[in-house]
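Peer 1:
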Amino acid sequence: MVVGRLAPSPTGSLHLGNVRTFLWAWLSARSQGGRVILRIEDLETNRVKPGACERLVEELAWLGFDWDEGPVRQTERRDRYRALFPKLDAYPCACSRADLEQAAPHEGDAEPRYPGTCREHPPPVARSWRFRVEPGVLAFDDLLSGRHEIDVAGTVGDFVVAKSPDDPAYQFAVVADDIAMGVTEVVRGDDLIPSTARQILLYRKLGAPVPAYGHVPLVVGPDGKRLAKRHGDGRISTYRARGVAPERVIGAVARWSGFDVTAARPADLVGRWSWDRPRERVVLTPDRFRL
Ligand code: GLU
Numbered sequence: 015m016v017v018g019r020l021a022p023s024p025t026g027s028l029h030l031g032n033v034r035t036f037l038w039a040w041l042s043a044r045s046q047g048g049r050v051i052l053r054i055e056d057l058e059t060n061r062v063k064p065g066a067c068e069r070l071v072e073e074l075a076w077l078g079f080d081w082d083e084g085p086v087r088q089t090e091r092r093d094r095y096r097a098l099f100p101k102l103d104a105y106p107c108a109c110s111r112a113d114l115e116q117a118a119p120h121e122g123d124a125e126p127r128y129p130g131t132c133r134e135h136p137p138p139v140a141r142s143w144r145f146r147v148e149p150g151v152l153a154f155d156d157l158l159s160g161r162h163e164i165d166v167a168g169t170v171g172d173f174v175v176a177k178s179p180d181d182p183a184y185q186f187a188v189v190a191d192d193i194a195m196g197v198t199e200v201v202r203g204d205d206l207i208p209s210t211a212r213q214i215l216l217y218r219k220l221g222a223p224v225p226a227y228g229h230v231p232l233v234v235g236p237d238g239k240r241l242a243k244r245h246g247d248g249r250i251s252t253y254r255a256r257g258v259a260p261e262r263v264i265g266a267v268a269r270w271s272g273f274d275v276t277a278a279r280p281a282d283l284v285g286r287w288s289w290d291r292p293r294e295r296v297v298l299t300p301d302r303f304r305l
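If you want my numbering, it's the position in the sequence shown, counting the first as 1, plus 14.
1. Just grab the DSSP bridge partners of Leu-152 for me.
2. Beta-carbon within less than 6 Å of Arg-44's beta-carbon, same chain only, minus the 5 sequence neighbours each way: which residues are those?
3. Sorted by chain position, which residues of the same chain lie with C-beta nearer than 8 Å to Val-275's C-beta, five sequence neighbours on each side aside?
4. Check whether the Cβ of Tyr-217 lies closer than 8 Å to any heavy atom of the ligand GLU, and answer yes or no.
5. Can you tell me which of the three DSSP states Trp-270 falls into?
6. Taking 6 Å as the limit between beta carbons, can you name the residues of its chain near Trp-11, skipping five residues before and five after?
7. Verify the contact flag: Asn-32, CB atom, against every heavy atom of the ligand GLU, threshold strictly below 8 Å.
8. For Arg-249, which of Ser-178, Arg-34 and Lys-219 has the nearest alpha-carbon?
9. Is the CB-CB distance between Ile-314 and Asp-82 below 9 Å?
10. Does the Cβ-Cβ distance between Pro-300 and Gly-246 come in under 9 Å?
11. On the criterion of 16 or more Cβ atoms from any shown chain inside 10 Å, does Thr-210 qualify as buried, or is it exposed?
12. Give me every residue whose Cβ sits closer than 5 Å to any heavy atom of the ligand GLU, in chain order.
13. Excluding the 5 residues flanking Val-197 on each side, which residues of the same chain have their C-beta closer than 6 Å to its C-beta?
14. In three-state DSSP terms, what is Trp-143?
15. Can you find at least 3 beta carbon pairs, one from the segment 136-144 and one from the segment 63-79, that sit closer than 8 Å?
16. Can you check DSSP and say which residues form a bridge with Tyr-227?
17. Can you find the residues in the same chain that come closer than 8 Å, C-beta to C-beta, to Glu-58, ignoring five residues on each side of it along the sequence?
18. Just mark Pro-85 as buried or exposed, buried being the case when its beta carbon has 16 or more other beta carbons within 10 Å.
19. With C-beta atoms as the reference, is Ala-176 less than 9 Å away from Ala-167?
20. Should His-135 be labelled buried (16 or more other beta-carbon atoms within 10 Å of its own) or exposed?
21. Quick check: the Cα distance between Ser-42 and Arg-212, rounded to an integer number of angstroms?
22. Within 10 Å of its beta-carbon, does Arg-304 have 16 or more other beta-carbons around it, so buried, or fewer, so exposed?
23. Under the rule that 16 or more other beta-carbon atoms within 10 Å means buried, what is Gly-257, buried or exposed?
24. Please tell me whether Ala-75 and Arg-202 are closer than 9 Å, where the distance is taken between their beta carbons.
25. With DSSP as the reference, label Tyr-297 as helix, strand or coil.
26. Would you mind reading off the limits of the beta strand (DSSP E) that contains Gly-18?
This is the structure we're talking about:
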């Protein structure tokens with residue numbers, strides 16, 4: 015049985031970009047007769063506004079998505095992360111981001127490579143916990159884009175899996191949940207391709223089968239950057255407030271995904287789904303915001 019999931023973070027509003035990713039994730043699972051889980055990734059509590067989770071769930075339902083399990087919130091699952099954490103054999107690290115920048119200058123907003131400062135000499139006070147990465151290239155096959163080869167040790171090195179044993183980081187929480195929920199297919203934005211390699215290392219460490227991966231090309235602004243406010247207002251709540259029908263919203267993101275439709279419910283597209291889809295990122299020019 016195929017099990018897919020929608021894993022929104024309630025840290026920003028649902029917009030055209032996330033909806034396109036969720037449409038692919040949902041269609042891929044449903045077209046195989048699979049189950050869908052809705053998991054709200056709300057661990058970064060300081061970035062989650064009151065009511066954001068409820069709004070997200072309500073908007074997804076309005077768009078015509080459904081799910082068999084959930085919404086499950088990650089903040090309700092802290093006991094599980096805590097119980098699994100020792101299995102990672104992570105080690106404490108006292109380095110701050112500033113320390114790392116100094117030790118290994120890097121370009122742009124890429125994560126600096128961790129030089130292994132605390133690996134052999136555990137500090138008395140930990141700022142984070144890191145996973146030991148052995149040298150070597152890791153390969154996986156993506157449902158859309160084929161083979162990827164990533165050198166985790168050479169790019170980020172030992173990466174952070176928790177701030178403390180009680181406070182898991184994204185990489186660990188996602189893998190812990192996907193294993194516990196029996197997820198067999200992970201479909202998400204292509205900005206997470208580097209994370210996939212890290213997460214596969216965690217599956218191996220935890221002795222769990224690795225799911226299939228499909229990374230959806232992001233919707234970006236004309237500057238090539240991930241969709242943001244300065245590009246225009248692509249929030250689902252705005253279209254809805256203006257009286258745009260949900261079928262128009264799904265129709266637009268489906269059209270940018272190679273479907274020949276103007277208005278549709280997700281369920282209308284199930285029989286027409288395959289992974290033979292455009293591989294380019296979608297550039298949201300101002301005219302494309304008008305639905
Ligand atoms: N919560 C993440 C996001 O909204 C997705 C994480 C995942 O699918 O693994 O980008």
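We put the beta carbon where it would ideally sit given N, CA and C, even for glycine.
This one's a predicted model, so the numbers in the text were calculated from it and none came from an experiment.
Peer 2: Considering the structure as presented:
1. Position 138 of the sequence shown holds residue 152. Bridge partners of Leu-152: Ile-164.
2. Within the sequence shown, numbered from 1, the residue matching residue 44 stands at position 30. The beta carbon of Arg-44 sits closer than 6 Å to the beta carbons of Val-284 from its chain, once the five residues preceding and following it are set aside; these are given in chain order.
3. Translated into positions along the sequence shown, residue 275 becomes position 261. Within the same chain, Val-275 has close Cβ partners Gly-265, Ala-268, Arg-269, Asp-282 and Leu-283.
4. Within the sequence shown, numbered from 1, the residue matching residue 217 stands at position 203. It does not: the Cβ of Tyr-217 is nowhere closer than 8 Å to a heavy atom of the ligand GLU.
5. The residue given as residue 270 occupies position 256 in the sequence shown. Coil, per DSSP.
6. Nothing in the structure corresponds to residue 11, since the chain is present only between 15 and 305.
7. Here the question's residue 32 lines up with position 18 in the sequence shown. The ligand GLU has a heavy atom closer than 8 Å to the beta-carbon of Asn-32.
8. On the sequence shown, residue 249 is found 235 positions in, with the first residue counted as 1. Ranking Ser-178, Arg-34 and Lys-219 by CA distance to the CA of Arg-249 puts Arg-34 first.
9. With the chain represented from 15 up to 305, any question about residue 314 goes unanswered, as that position is not in the structure.
10. Working through the sequence shown from its first residue, we reach residue 300 at position 286. Working through the sequence shown from its first residue, we reach residue 246 at position 232. Yes, the pair counts as a contact, with Cβ atoms nearer than the cut-off.
11. The residue labelled residue 210 in the question sits at position 196 within the sequence shown. With a 10 Å radius around the Cβ and a threshold of 16 neighbouring Cβ atoms, Thr-210 comes out buried.
12. Those residues, listed in chain order, are Ala-21, Ser-23, Glu-55, Val-188 and Arg-202.
13. Residue mapping note: residue 197 aligns to position 183 of the sequence shown, counting from 1. Val-17, Arg-19 and Pro-225, listed in sequence order.
14. Locating residue 143 in the sequence shown gives position 129, where the first residue counts as 1. Three-state DSSP puts Trp-143 in a strand.
15. The segment 136-144, when compared against the segment 63-79, does not touch it at the 8 Å Cβ threshold.
16. Taking the first residue of the sequence shown as 1, we reach residue 227 at position 213. DSSP, once it has assigned bridges, lists Asp-156 and Val-200 as partnering Tyr-227.
17. Translated into positions along the sequence shown, residue 58 becomes position 44. Result list for Glu-58: Ser-23 and Thr-25, in chain order.
18. Sequence index remark: in the sequence shown, residue 85 carries index 71 (1-based). Its Cβ being crowded by 16 or more others within 10 Å, Pro-85 is buried.
19. One-based indexing of the sequence shown puts residue 176 at position 162. One-based indexing of the sequence shown puts residue 167 at position 153. No, they are not a contact pair.
20. Here the question's residue 135 lines up with position 121 in the sequence shown. His-135 comes out exposed.
21. As a working note, residue 42 is residue 28 in the sequence shown. As a working note, residue 212 is residue 198 in the sequence shown. Whole-angstrom Cα-Cα distance: 24 Å.
22. Within the sequence shown, numbered from 1, the residue matching residue 304 stands at position 290. Exposed, by the Cβ-count rule.
23. Counting from 1 along the sequence shown, the entry for residue 257 is found at position 243. Gly-257 should be labelled exposed.
24. Counted from its first residue, the sequence shown places residue 75 at position 61. Counted from its first residue, the sequence shown places residue 202 at position 188. In this structure, Arg-202 does not lie closer than 9 Å to Ala-75 by Cβ.
25. Here residue 297 refers to the residue found at position 283 of the sequence shown. A small fix is needed here, since residue 297 is Val in this sequence, not Tyr. Strand, per DSSP.
26. Counting from 1 along the sequence shown, the entry for residue 18 is found at position 4. For Gly-18, the uninterrupted beta strand (DSSP E) segment begins and ends at 17-20.
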